[in-house]
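One structure below.
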Amino acid sequence: MRLAIVGFGPRGLGALEALLRHGHGPISVDVFEPDPHPGAGPNFSPEEDPRCLLNLPLRDVKLPDPPNVSFPQFQEWVQEHDQNRFLPRAHLGAYLSARFSAVREALPDTFRLRILPHFVTYAGKGDDGAWVLNAGDKSFGPYDEVLLSLGQPDTIPDEQIARWRAHADRHRLPFLAAYPTEAVVAAAENWTDSVVGIRGLGLSTLDMISVLTLGRGGHMHAGRYIPSGREPATILPFSLDGMAPAPKPETAELAARFALDASEKETFRRLLAEALALDPDASVRHLAQTLLQPVARICGSDASEWIDTELINPGTQRGEDPVAALRRDIAIAAGDEPPSVGYTVGQIWRGWQPDLRRVLRNTPARADTRMAIVGFDTGLKRYSYGPPVEDARLLLALIEQGLVRLTVANDPDIELVPEGWRLDGRRTAGVMIDAVLPSAAFSSLDSKLIRGLAGRGAVRALADTAGVETVSDGQVVAADGITTRGMSMLGRLTEGSVIAADSIHDCFGMVADQWAKGMFERAVKPVSR
Ligand SMILES: Cc1cc2nc3c(=O)[nH]c(=O)nc-3n(C[C@H](O)[C@H](O)[C@H](O)COP(=O)(O)OP(=O)(O)OC[C@H]3O[C@@H](n4cnc5c(N)ncnc54)[C@H](O)[C@@H]3O)c2cc1C
1 MRLAIVGFGP RGLGALEALL RHGHGPISVD VFEPDPHPGA GPNFSPEEDP RCLLNLPLRD
61 VKLPDPPNVS FPQFQEWVQE HDQNRFLPRA HLGAYLSARF SAVREALPDT FRLRILPHFV
121 TYAGKGDDGA WVLNAGDKSF GPYDEVLLSL GQPDTIPDEQ IARWRAHADR HRLPFLAAYP
181 TEAVVAAAEN WTDSVVGIRG LGLSTLDMIS VLTLGRGGHM HAGRYIPSGR EPATILPFSL
241 DGMAPAPKPE TAELAARFAL DASEKETFRR LLAEALALDP DASVRHLAQT LLQPVARICG
301 SDASEWIDTE LINPGTQRGE DPVAALRRDI AIAAGDEPPS VGYTVGQIWR GWQPDLRRVL
361 RNTPARADTR MAIVGFDTGL KRYSYGPPVE DARLLLALIE QGLVRLTVAN DPDIELVPEG
421 WRLDGRRTAG VMIDAVLPSA AFSSLDSKLI RGLAGRGAVR ALADTAGVET VSDGQVVAAD
481 GITTRGMSML GRLTEGSVIA ADSIHDCFGM VADQWAKGMF ERAVKPVSR
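1 is the number of the first residue of the sequence shown in UniProt numbering; add one for each residue after it.
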C-alpha cells in the first residue's frame with residue numbers, strides 16, 4: 001500500500017495513528033507538510049503567542065492513546081495539576097509534536113514514513129489509475145491512496161474584506177489578519193496611540209485582546225486590569241450585536257451541572273436520526289425539542305420561547321446590554337448566578353457534540369437538511385464554544401478600565417474615511433484586525449489543489465454554502481455522484497458532510513479510524529474505477 005497524507009496537523013497525526021491501529025502488511029506513507037512542527041498544525045503551533053489559550057480546560061483534553069508506543073496523556077505531559085486551567089495552545093502543539101516523534105520512532109519495520117516539507121498544488125490520476133501529486137515543479141507518486149487533511153486553506157476575500165484591503169492600501173492604514181499573531185505582536189509596538197478595531201467578536205478576538213494588553217505588559221490584579229501604558233489607546237471589537245461569547249463553566253463541578261442522563265442522551269440520538277430524514281426546517285425544529293426536558297431539569301425553566309426565537313432569529317433572545325450580558329455570563333460560569341436558559345442550552349449542546357458527529361457522519365440525509373443542522377450548531381457556538389472565564393474576566397476588566405468598548409457595527413453603516421474605519425458613526429479605528437474565521441464553504445476556497453480536483457470532476461461541493469462532499473469513511477464524492485476511489489478528505493473542509501470538525505477531539509479516534517478501515521478494505525477489493 002502506497003499512501004500520501006497531504007497536510008499533517010493534528011488530523012494528519014490522528015490519521016497516522018489510525019493506520020497503525022488498523023493496518024497490517026507493508027505500507028509506505030509520504031507526508032506532505034511544509035510546517036516545521038508536524039503534528040501540531042498552525043492553530044496549535046508551539047511558536048504561537050502563549051496568551052492564545054485553548055478553548056477547553058485541561059480536564060477535557062482526552063485523546064486516545066497512540067497504538068504503537070506508550071506516551072503520556074497531555075495532562076501528565078504538561079505536569080500541570082490544576083485540571084480547570086486553560087493552557088496555551090502552544091503547549092498542546094508541543095505535546096502533539098513530541099507525540100509524533102515518539103510514534104515515528106516506534107514504527108514497525110513494515111511501515112515506511114517520509115516527511116516531505118512541500119506544499120501540494122496538484123493531485124491527479126496517472127494512466128495506470130494511481131495518484132500523482134505535484135508540489136511546485138516536483139512530482140511525487142504513484143500512490144494507491146491520498147488523504148487530504150488540509151485544515152483551513154486560503155479563501156477568496158469576501159466583498160467587505162476586499163474593499164477594506166483596497167482602502168487600507170490607499171491610505172496606508174494597518175490592516176492585519178489575527179493569525180499568525182506574530183505580525184500583530186510586532187506591529188503593536190507602534191499602536192500605543194491608536195484606536196484598534198477588531199472585526200468579529202469570537203474566540204480569536206479574545207486572543208487579540210490578550211495579545212494587545214497582557215502581551216504589552218499589562219496585568220490583572222484583584223479583578224482589575226493594571227495597564228502598562230504600552231497598550232493601544234482603545235480597542236474596539238465589533239460585530240452585528242456587540243455580544244461577547246459566554247465563558248465555559250469554571251470548574252469540573254460547575255460543568256457537571258449540565259451533564260445529561262442516559263435517557264436524555266438516548267432521546268437525543270433517536271431524535272437526531274429522525275431529524276435527518278426530514279426537510280431542513282422540520283429537522284432543526286425536531287432536534288431542538290430534545291433540549292426542553294434537560295433545560296427544565298437543570299435550570300427549572302421552559303425553553304420553548306427561547307428555542308422558537310433561536311430557530312427564527314438566532315441570538316436575538318437577550319436584547320440585553322452587551323456588557324451586562326458579559327457580566328452575567330461570567331457570574332454564571334463562576335457559579336455565582338443560576339444558569340440562564342441560553343447558557344444551559346449551549347452547555348447541553350456541547351455535551352452532544354460527539355453524538356452529533358457520529359450520527360451525522362453515518363446517516364444519509366439531504367444536503368439542505370445537513371446544512372440546516374450545521375447552521376443551528378453554528379448559532380449556538382456563542383454558548384457552546386465559549387472562552388475560558390479568565391479571558392472573559394480580562395475583557396470585562398478592560399471594559400471597566402475604558403480600554404475596550406464592545407461595539408455594534410456592520411456595513412453599510414461602517415464608513416471608510418481617510419483616517420480609518422468609522423464604526424458606529426462616532427468612533428474611528430485607525431488600525432484594523434480581521435478576527436473572523438474564514439468560511440469552509442467550497443465556493444470561497446482559494447486552493448489550487450482543490451480547484452484543480454473540482455475542475456477535473458474528482459470532487460464536488462455538498463451544497464452552495466457547504467464544503468466538499470464526502471462519505472462516512474472520508475472518500476470524496478465526484479461530480480457524477482460516485483466516490484472517487486483512493487481520494488479522501490477529513491476535517492473542516494468537509495463541513496456539511498460532517499459537523500463539529502473544528503475540534504482536537506475530531507482529529508483523533510472515530511473519524512480517523514473510519515477512514516483507515518475504509519482504506520484498508522478498499523485495498524483488498526478489485527479496482528472498479
Ligand atoms: C484560531 C483557532 C483556534 C483554535 N483553537 C482550538 C482549541 O482551543 N481547541 C480545539 O479543540 N480546536 C481548536 N481549533 C480548531 C482546530 O483547528 C482543530 O482542532 C485542529 O487544529 C484541526 O487540525 P487539522 O489537522 O485538521 O488542521 P490544521 O491544524 O490547520 O493543519 C492542516 C495542515 O495542513 C497543511 N497543509 C494545508 N494545505 C497543504 C498543502 N496543499 N500541502 C501540504 N500541506 C498542506 C498546513 O500546513 C497545516 O499544517 C482552533 C482553530 C482556530 C482557527
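We put the beta carbon where it would ideally sit given N, CA and C, even for glycine.
Q. Sorted by chain position, which residues of the same chain lie with C-beta nearer than 6 Å to Glu33's C-beta, five sequence neighbours on each side aside?
A. Translated into positions along the sequence shown, residue 33 becomes position 33. Closer than 6 Å at Cβ, skipping near neighbours: Phe8.
Q) Per DSSP, which one or two residues make a beta bridge with Arg370? A) Looking up residue 370 in the sequence shown gives position 370. According to DSSP, Arg370 bridges with nothing at all.
Q) Is the closest heavy atom of ligand 1 to the C-beta of His118 under 8 Å? A) Position 118 of the sequence shown, counted from the first residue, corresponds to residue 118. It does: the Cβ of His118 is within 8 Å (strictly closer) of some heavy atom of ligand 1.
Q. Using the C-alpha atoms, what's the distance from Ala262 back to Asp377?
A. Here the question's residue 377 lines up with position 377 in the sequence shown. Here the question's residue 262 lines up with position 262 in the sequence shown. The straight-line gap from Cα to Cα measures roughly 22 Å.
**Q.** Straight-line Cα distance separating Leu54 from Ala90
**A.** To locate residue 90, count along the sequence shown from 1; it is residue 90. To locate residue 54, count along the sequence shown from 1; it is residue 54. Answer to the nearest angstrom: the Cα atoms are 9 Å apart.
Q) ligand 1 heavy atoms versus the CB of Gln75: any closer than 8 Å? A) Reading the sequence shown from its first residue, position 75 is the one you call residue 75. No, since every heavy atom of ligand 1 falls outside the 8 Å radius drawn around the Cβ of Gln75.
**Q.** Which of helix, strand or coil DSSP assigns to Arg270
**A.** Sequence index remark: in the sequence shown, residue 270 carries index 270 (1-based). Correct three-state label for Arg270: helix.
Q: Could you spell out the range, first to last residue, of the alpha helix (DSSP H) harbouring Asn134?
A: Numbered from its first residue, the sequence shown carries residue 134 at position 134. From DSSP, Asn134 is part of no alpha helix (DSSP H) but of the beta strand (DSSP E) over 131-135.
Q | Own chain partners of Ala259 with C-beta closer than 6 Å, once the 5 adjacent residues on each side are dropped | A | Position 259 of the sequence shown, counting from 1, holds the residue named residue 259. Nothing listed; no residue qualifies.
Q.
Counting C-beta neighbours from all protein chains within 10 Å, is the total for Leu240 16 or more, i.e. buried, or is it exposed?
A. The residue labelled residue 240 in the question sits at position 240 within the sequence shown. Classification for Leu240: exposed.
Q | Straight-line gap, Leu13 to Leu92 (C-alpha atoms, nearest Å) | A | Start at 1 with the first residue of the sequence shown, and residue 13 comes out as number 13. Start at 1 with the first residue of the sequence shown, and residue 92 comes out as number 92. About 13 Å.
Q | Euclidean distance between Cα positions of Pro338 and Leu254 | A | What you label residue 338 is simply residue 338 of the sequence shown in a count that begins at 1. What you label residue 254 is simply residue 254 of the sequence shown in a count that begins at 1. Taking the straight line joining both Cα atoms gives about 11 Å.
Q: Going by CA-CA distance only, name the one from Ser304, Ala246, Ala186 that's closest to Glu231.
A: In the sequence shown, the residue the question calls residue 231 occupies position 231. Checking every option, the nearest Cα to that of Glu231 belongs to Ala186.
Q: Can you tell me which of the three DSSP states His219 falls into?
A: The count along the sequence shown starts at 1 and reaches residue 219 at position 219. Of the three classes helix, strand and coil, the one that applies to His219 here is strand, per DSSP.
Q: Tell me, please, which residues DSSP counts as bridged to Arg422.
A: Numbered from 1 along the sequence shown, position 422 holds the residue referred to as residue 422. Glu415, Thr428.
**Q.** Residue from Gly151, Gly217, Asn134 whose Cα sits closest to the Cα of Ala40
**A.** For the purposes of this step, residue 40 is taken as residue 40 along the sequence shown, with counting starting at 1. Per the Cα distances, Gly151.
Q.
Taking contact to mean 3 or more Cβ pairs, one atom from each stretch, closer than 8 Å, check whether the segment 387-400 and the segment 290-305 are in contact.
A. no
Q | Separation of Trp352 from Gly346, as counted between CA atoms | A | As a position in the sequence shown, residue 346 is number 346, starting the count at 1. As a position in the sequence shown, residue 352 is number 352, starting the count at 1. So the two alpha carbons sit approximately 10 Å from each other.
Q. So what's Thr407 in DSSP terms, helix, strand or just coil?
A. Walking along the sequence shown from the start, residue 407 turns up at place 407. Of the three classes helix, strand and coil, the one that applies to Thr407 here is strand, per DSSP.
Q. Is the closest heavy atom of ligand 1 to the C-beta of Pro232 under 8 Å?
A. Your numbering for residue 232 matches position 232 in the sequence shown. It does not: the Cβ of Pro232 is nowhere closer than 8 Å to a heavy atom of ligand 1.
Q: Report all residues from its chain with a CB closer than 6 Å to the CB of Asn362; omit the five preceding and five following residues, and keep chain order.
A: For the purposes of this step, residue 362 is identified with residue 362 of the sequence shown, where counting begins at 1. Here the set comprises Ser472.
(Q) Can you tell me whether Ile27 is helix, strand or coil according to DSSP? (A) Working through the sequence shown from its first residue, we reach residue 27 at position 27. In this structure, Ile27 counts as strand in the three-state DSSP scheme.
Q: Counting only the same chain and skipping the five closest in sequence on each side, list residues whose C-beta sits under 6 Å from that of Thr110.
A: Counted from its first residue, the sequence shown places residue 110 at position 110. Taken in chain order, the residues that qualify are Pro26.
(Q) In the DSSP output, which residue or residues are listed as bridge partners for Val498? (A) Counting from one through the sequence shown, the residue named residue 498 turns up at place 498. Val498 is bridged to Glu495.
Q: Kindly provide the ranges of any beta strand (DSSP E) runs that are 3 or more residues long and lie completely inside the segment 108-169, ordered along the chain.
A: 111-116, 122-125, 131-135, 138-143, 145-148
Q | CA nearest to the CA of Arg199, picked from Phe175, Val476, Gly491 | A | Here residue 199 refers to the residue found at position 199 when the sequence shown is read from its first residue. Nearest of Phe175, Val476, Gly491 to Arg199, Cα basis: Phe175.
Q. When every heavy atom of ligand 1 is checked, does at least one fall within less than 8 Å of the C-beta of Arg22?
A. In the sequence shown, residue 22 corresponds to position 22, counting from 1. The identity of residue 22 in the sequence shown is His, whereas the question assumes Arg. No; taking the cut-off as 8 Å, the Cβ of His22 has no heavy atom of ligand 1 nearer than that.
(Q) I'd like to check one pair, Ala325 with Ala244: are the Cβ atoms closer than 9 Å? (A) The residue given as residue 244 occupies position 244 in the sequence shown. The residue given as residue 325 occupies position 325 in the sequence shown. Cβ distance < 9 Å, so Ala244 and Ala325 count as in contact.
Q. Within the chosen definition, does the segment 362-374 reach the segment 454-466 through at least 3 CB pairs nearer than 8 Å?
A. yes
Q. Under 9 Å, do residue 537 and Leu380 count as touching if we go by C-beta distance?
A. Here the chain covers residues 1 to 529 and nothing more, so residue 537 does not appear.
**Q.** Residue(s) in a DSSP beta bridge with Ala177
**A.** Position 177 of the sequence shown, counted from the start, is the residue given in the question as residue 177. Its beta-bridge partners are Asp434.
Q. Nearest-angstrom Cα distance between Ile504 and Ser384?
A. The sequence position of residue 504 within the sequence shown is 504, counting from 1. The sequence position of residue 384 within the sequence shown is 384, counting from 1. Cα to Cα, the separation comes out at about 15 Å.
Q) Mind checking whether the beta-carbon of His505 lies closer than 8 Å to any heavy atom of ligand 1? A) As a position in the sequence shown, residue 505 is number 505, starting the count at 1. Checking the Cβ of His505 against ligand 1 gives yes.
Q. How many angstroms separate the CA atom of Arg327 from the CA atom of Ala246?
A. Here the question's residue 327 lines up with position 327 in the sequence shown. Here the question's residue 246 lines up with position 246 in the sequence shown. One C-alpha to the other measures close to 10 Å.
Q: Run the proximity test for Arg492: is its beta-carbon closer than 8 Å to any non-hydrogen atom belonging to ligand 1?
A: Here residue 492 is taken as the residue at index 492 of the sequence shown, counted from 1. Result yes, Cβ under 8 Å from ligand 1.
Q. In this structure, does DSSP put Met243 in helix, strand or coil?
A. Numbered from 1 along the sequence shown, position 243 holds the residue referred to as residue 243. Of the three classes helix, strand and coil, the one that applies to Met243 here is coil, per DSSP.
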